[in-house]
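A.B. asks: Sharing a structure with you now.
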Amino acid sequence: MTQGHAEPRSPAAIFAAHCREGRLAYPAAPDGTPVWPPALAVPGTGEPVRWLLSAGRGTVYATTALHARDEGPRNIALIDLDEGYRMMARVEGVPADAVAIGTRVAVRFEPPDAGGERLPVFVPAGG
Amino acid sequence: MSTLRGRFAIAGAAESDLGAAQPGTRPVDLMAQASLRALEDCGLALADVDAVFAATTQLPMAPLNLAQELGIRPRYSDGTNVGGSSFMFHVDHARAAIAAGLCEVALIAYGSTQRLVGRSSASVQELDPWEAPYRPLMPVTAYALAASRHMHEFGTTRRQLAEVAVSARAWAQRNPAAWSREPLSVEDVLASRMVADPLTVRDCCLVTDGGAAIVVTSAERAASLRRPPVLVLGAGGALGHRHITGMRELTRTAAAESGARAFAEAGLGPADVDCVQLYDAFTITPILFLEDLGFCAKGDGGAFVSDGRTAPGGALPMNTNGGGLSYCHPGMYGLLGIVEAVRQLRGEAGTRQVPGCRVAVAHGNGGVLSSQATLVLGTAETA
Chain X
8 MTQGHAEPRS
18 PAAIFAAHCR
28 EGRLAYPAAP
38 DGTPVWPPAL
48 AVPGTGEPVR
58 WLLSAGRGTV
68 YATTALHARD
78 EGPRNIALID
88 LDEGYRMMAR
98 VEGVPADAVA
108 IGTRVAVRFE
118 PPDAGGERLP
128 VFVPAGG
Chain D
5 MSTLRGRFAI
15 AGAAESDLGA
25 AQPGTRPVDL
35 MAQASLRALE
45 DCGLALADVD
55 AVFAATTQLP
65 MAPLNLAQEL
75 GIRPRYSDGT
85 NVGGSSFMFH
95 VDHARAAIAA
105 GLCEVALIAY
115 GSTQRLVGRS
125 SASVQELDPW
135 EAPYRPLMPV
145 TAYALAASRH
155 MHEFGTTRRQ
165 LAEVAVSARA
175 WAQRNPAAWS
185 REPLSVEDVL
195 ASRMVADPLT
205 VRDCCLVTDG
215 GAAIVVTSAE
225 RAASLRRPPV
235 LVLGAGGALG
245 HRHITGMREL
255 TRTAAAESGA
265 RAFAEAGLGP
275 ADVDCVQLYD
285 AFTITPILFL
295 EDLGFCAKGD
305 GGAFVSDGRT
315 APGGALPMNT
325 NGGGLSYCHP
335 GMYGLLGIVE
345 AVRQLRGEAG
355 TRQVPGCRVA
365 VAHGNGGVLS
375 SQATLVLGTA
385 ETA
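So the protein sequences, as listed, match chains X and D. Numbering-wise (the working numbering), the first sequence opens with residue 8 and increments by one. Numbering-wise (the working numbering), the second sequence opens with residue 5 and increments by one.
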């Protein structure tokens with residue numbers, strides 16, 4: 008690891024820095040093909056990735072509602088982003104066990120105020 | 005053409021004590037107990053063992069624990085750990101090592117006290133930055149996601165998932181060593197406590213303690229031992245992903261690759277198989293593996309397991325010991341599926357014996373549908 012490197016090198020750190028500013032970012036190959044889960048180099052070729060911004064819209068690919076003993080049902084979903092990658096997230100705004108595969112969703116960040124650590128979640132978007 | 009087909013055999017096989025271990029029991033206690041039983045089974049001594057293969061979530065250096073416990077200094081060892089399929093990989097690696105002259109008698113062992121110490125203590129959860137913030141209870145969340153997708157794409161129903169658990173229970177009722185033997189109906193499964201929609205607690209494997217061991221050696225040497233040799237006709241492994249976010253399509257597993265390799269080497273296909281032991285961590289997994297191994301078309305797994313086809317008396321006996329769902333699931337179940345395949349091929353499975361069993365498949369799954377490994381095993385006449 009290079010000493011004194013000013014830019015964040017960890018994909019998780021880069022992603023989190025964008026989230027703090029309310030941007031959903033993703034790494035991509037030189038030709039724009041998304042890389043997810045994020046990595047420093049493109050799987051299969053080893054080329055360096057560059058980070059792009061997602062429009063934050065997608066479709067529910069798979070979904071479940073977890074029924075842990077000590078809390079109400081909560082959603083976990085895999086979202087196909089329109090840019091062509093699939094991330095894990097949570098769908099809010101509908102009951103956890105009523106999220107349907109194929110539902111169009113849009114990103115929002117929690118907590119809503121910028122500055123601190125923020126997590127992308129998705130809400131039904133329509134259209 | 006494989007030069008390994010039929011040249012190596014599982015000569016000995018045994019379970020450790022299963023179920024709920026006494027307080028203080030260590031994983032290596034169960035490994036060692038099963039190892040000594042497997043050696044006794046085939047009539048070999050500790051001094052004959054010159055290779056040790058072991059893996060368990062609780063012991064990162066498992067071959068060291070086992071060798072020390074048994075008091076042996078093996079010239080070859082392998083601690084490959086890719087989850088519950090590791091032991092199918094071990095069999096493949098063991099025969100390659102024997103073929104290369106690196107060892108002659110390979111002991112493959114597993115032990116877990118996950119019920120005793122608690123599942124969260126037994127398994128280190130990797131904190132994946134792309135999943136952990138959403139607190140996905142793993143591994144069940146990943147399998148629930150796959151089940152949701154299978155239902156969406158192919159119309160698979162919760163009743164069809166439940167059929168897998170009902171079939172396993174019917175087999176478990178014929179296995180005195182099974183943990184859960186009370187009657188179980190589709191309605192019982194559907195009415196059970198929901199864990200991760202669409203999977204109820206009865207769609208999920210047991211959490212037990214337990215272990216197992218097998219002895220692998222050359223077919224020639226196995227033929228001179230106490231028990232009928234079980235030949236390794238084909239073996240194949242495949243690595244798909246680590247975390248569920250890295251799985252390309254949740255309804256298509258790397259078992260399609262591992263199974264194709266194993267069947268190609270064996271020169272056999274699904275139609276030649278008399279019984280299957282398919283890792284049933286959750287009811288969705290055997291459905292995926294039946295499809296990916298070629299026992300039915302992609303998407304037809306739900307219909308395939310219905311109407312008792314995999315239950316006692318059905319056309320394709322599956323998980324004849326009761327599986328991870330009803331017999332025993334000590335965390336990394338794969339080796340117990342191999343032990344059951346061996347017993348079926350030897351004709352020593354008692355009231356659950358599949359008549360005339362000559363070819364059996366033992367298929368392992370690791371992680372979250374991540375690693376897949378397939379063994380095609382046969383009796384001496386299939387050589």
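In this text, a Cβ means the ideal position worked out from N, Cα and C, and glycines have one as well.
Quick check: the Cα distance between D/Leu-229 and D/Ala-13, rounded to an integer number of angstroms?
C.D. replies: Taking the first residue of the second sequence as position 1, residue 229 of chain D is located at position 225. Taking the first residue of the second sequence as position 1, residue 13 of chain D is located at position 9. Computed Cα separation, rounded: 11 Å.
A.B. asks: Whole angstroms is fine: what's the gap from X/Ala-96's alpha carbon to D/Ala-66's?
C.D. replies: Translated into the one-based positions of the first sequence, residue 96 of chain X becomes position 89. Translated into the one-based positions of the second sequence, residue 66 of chain D becomes position 62. The alpha-carbon atoms of X/Ala-96 and D/Ala-66 are separated by roughly 36 Å.
A.B. asks: From which residue to which residue does the alpha helix (DSSP H) around D/Leu-329 run?
C.D. replies: Counting from 1 along the second sequence, the entry for residue 329 of chain D is found at position 325. Element bounds for D/Leu-329: n/a, residue is neither H nor E.
A.B. asks: Count the CB pairs spanning the segment 209-222 of chain D and the segment 9-26 of chain D that are closer than 8 Å, and state whether there are at least three.
C.D. replies: Enough Cβ pairs lie closer than 8 Å, so yes.
A.B. asks: Could you spell out where the beta strand (DSSP E) holding D/Ala-103 opens and where it closes?
C.D. replies: On the second sequence, residue 103 of chain D is found 99 positions in, with the first residue counted as 1. Premise fails: D/Ala-103 lies in the alpha helix (DSSP H), 90-103, not in any beta strand (DSSP E).
A.B. asks: Spatial neighbours of D/Pro-202 within its chain, please: C-beta separation below 8 Å, excluding the five flanking residues on both sides.
C.D. replies: Position 198 of the second sequence, counted from the first residue, corresponds to residue 202 of chain D. Around D/Pro-202: Ala-148, Ala-151, Ser-152, Met-155, Arg-162, Leu-165.
A.B. asks: Using 7 Å as the limit for Cβ to Cβ distance, is X/Leu-47 near chain D?
C.D. replies: Position 40 of the first sequence, counted from the first residue, corresponds to residue 47 of chain X. Not closer than 7 Å to any Cβ of chain D, the Cβ of X/Leu-47 fails to qualify, so no.
A.B. asks: Would you kindly check if the distance between the Cβ of X/Glu-99 and the Cβ of X/Val-67 is under 7 Å?
C.D. replies: Here residue 67 of chain X corresponds to residue number 60 of the first sequence, with the count starting at 1. Here residue 99 of chain X corresponds to residue number 92 of the first sequence, with the count starting at 1. Not closer than 7 Å, so no.
A.B. asks: For D/Leu-68, which three-state DSSP category applies?
C.D. replies: As a position in the second sequence, residue 68 of chain D is number 64, starting the count at 1. In the structure shown, D/Leu-68 sits in a helix (DSSP, three-state: H, G or I).
A.B. asks: Note down, in chain order, all residues in the segment 193-206 of chain D with a beta-carbon under 7 Å from any beta-carbon belonging to chain X.
C.D. replies: Flagged, chain order: Met-198, Val-199, Ala-200, Asp-201.
A.B. asks: Quick one: complete alpha helix (DSSP H) runs, 4+ long, within the segment 5-61 of chain D?
C.D. replies: Fully enclosed alpha helix (DSSP H) runs of 4 or longer: 31-46.
A.B. asks: Which residue marks the beginning of the beta strand (DSSP E) containing D/Gly-263, and which one marks its end?
C.D. replies: Translated into the one-based positions of the second sequence, residue 263 of chain D becomes position 259. Counting along the chain, D/Gly-263 falls outside any beta strand (DSSP E), though it belongs to the alpha helix (DSSP H) covering 259-270.
A.B. asks: Would DSSP call X/Thr-9 helix, strand or coil?
C.D. replies: For the purposes of this step, residue 9 of chain X is taken as the residue at position 2 of the first sequence. Interpretation of X/Thr-9 is limited by its pLDDT of 49, a score under 50 that renders its predicted location unreliable; the figure taken from the coordinates is listed afterwards. The answer is coil: DSSP assigns X/Thr-9 none of H, G, I, E or B.
A.B. asks: Determine the contact status of D/Val-372 and D/Ile-248, defining contact as a CB-CB distance below 7 Å.
C.D. replies: Counting from one through the second sequence, the residue named residue 372 of chain D turns up at place 368. Counting from one through the second sequence, the residue named residue 248 of chain D turns up at place 244. Yes.
A.B. asks: Does the beta carbon of D/Ser-152 sit closer than 7 Å to a beta carbon anywhere in chain X?
C.D. replies: By one-based count along the second sequence, residue 152 of chain D stands at place 148. Yes - at least one Cβ of chain X is within 7 Å of the one on D/Ser-152.
A.B. asks: Since D/Ala-200 is in the beta strand (DSSP E), which residue starts that stretch and which ends it?
C.D. replies: One-based indexing of the second sequence puts residue 200 of chain D at position 196. Element bounds for D/Ala-200: 198-200.
A.B. asks: Please report the residue range of the alpha helix (DSSP H) in which X/Phe-129 lies.
C.D. replies: Working through the first sequence from its first residue, we reach residue 129 of chain X at position 122. Element bounds for X/Phe-129: not the alpha helix (DSSP H) but the beta strand (DSSP E), 126-131.
A.B. asks: Nearest-angstrom Cα distance between D/Thr-60 and D/Val-128?
C.D. replies: The sequence position of residue 60 of chain D within the second sequence is 56, counting from 1. The sequence position of residue 128 of chain D within the second sequence is 124, counting from 1. If you take the alpha carbons of D/Thr-60 and D/Val-128, they lie about 11 Å apart.
A.B. asks: If you follow the alpha helix (DSSP H) that D/Gly-341 is in, where does it begin and where does it stop?
C.D. replies: Residue mapping note: residue 341 of chain D aligns to position 337 of the second sequence, counting from 1. Where D/Gly-341 is concerned, the enclosing alpha helix (DSSP H) stretches over 338-350.
A.B. asks: Measuring only the C-alpha atoms, how far is D/Val-53 from X/Arg-30?
C.D. replies: Residue numbering aside, residue 53 of chain D sits at position 49 when the second sequence is read from its first letter. Residue numbering aside, residue 30 of chain X sits at position 23 when the first sequence is read from its first letter. Approximately 59 Å between the Cα atoms of the pair.
A.B. asks: Please confirm if D/Gly-250 has its CB atom under 7 Å from at least one CB of chain X.
C.D. replies: As a position in the second sequence, residue 250 of chain D is number 246, starting the count at 1. It does; some Cβ of chain X falls within 7 Å.
A.B. asks: Starting from the beta carbon of D/Glu-135, find every residue of chain X whose beta carbon is closer than 7 Å, and list them in chain order.
C.D. replies: Walking along the second sequence from the start, residue 135 of chain D turns up at place 131. Those within 7 Å of D/Glu-135 in chain X are Met-95.
A.B. asks: In this structure, how does DSSP classify D/Tyr-283 when only helix, strand and coil are distinguished?
C.D. replies: Sequence index remark: in the second sequence, residue 283 of chain D carries index 279 (1-based). Residue state, collapsed to three classes: coil.
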